[in-house]
Amino acid sequence: MDKTIQQIRPRIYTYIIDDTTWQFTEIDPRVFADSTIKHARLANWSEYICYAGEFHLRPKFGWTKLNDEWELVFDNASGTYSPNAELLINLKKLLLFNFPGLNVTTYDYKDPMLRDSIEQLEIIARRYKNNNI
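In full-length UniProt numbering, the protein residues as written are 1 to 133.
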């Protein structure tokens, strides 16, 4: 396995998109324990946000098959600005238009596949923390 790939740290990020910007930051559970305000805070308490949620990177073919093909997994998990799940396809199109060649997957925050993806990320994060990746 490539040394660079071994150094990738599994993380979850929170994001907001308004008319002109895409802002995101790593989620620090100690700071953002109250998930209902993290997007509002990131958006500087703005009243209008197009999309908000969380995203994470994962290997395109799963954590057991680490290689250099990765994808971004976006959801709409925002208590404050959560877009309708049907709008996630528009988010995916927006990202692919602006970043051609990017691998993007979107899930509604209620989708069990999202929960599975996050659980796998958390397992790897614990392994990374213990230097067993």
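C-beta: ideal position from N, C-alpha, C; glycine also.
What is the rounded straight-line gap between the Cα of residue i and the Cα of residue j?
i      : j      : result
Ile12  : Leu72  : 10 angstroms
Phe32  : Gly53  : Low confidence applies to Phe32: its pLDDT is 43, below 50, so where it sits in the model is not reliable enough to give any reading.
Val104 : Leu94  : 10 angstroms
Thr14  : Gly62  : 22 angstroms
Leu57  : Thr21  : 20 angstroms
Gly101 : Arg126 : 30 angstroms
Need the endpoints of the beta strand (DSSP E) that residue i sits in, please.
i     : result
Thr25 : 22 to 26
Trp70 : 70 to 75
Thr64 : First-last for Thr64: undefined, no H or E at that position.
Ile49 : Unbroken run through Ile49: none, as it is neither H nor E.
Tyr13 : 12 to 17
Output yes or no for whether 9 angstroms exceeds the beta carbon distance between residue i and residue j.
i      : j      : result
Ser82  : Ile16  : no
Tyr107 : Ser117 : yes
Leu87  : Asn76  : yes
Ile49  : Asp68  : no
Glu122 : Pro10  : yes
### Task
Would you list, in sequence order, the uninterrupted alpha helix (DSSP H) runs of no fewer than 4 residues that lie entirely inside the segment 80 to 106?
88 to 98
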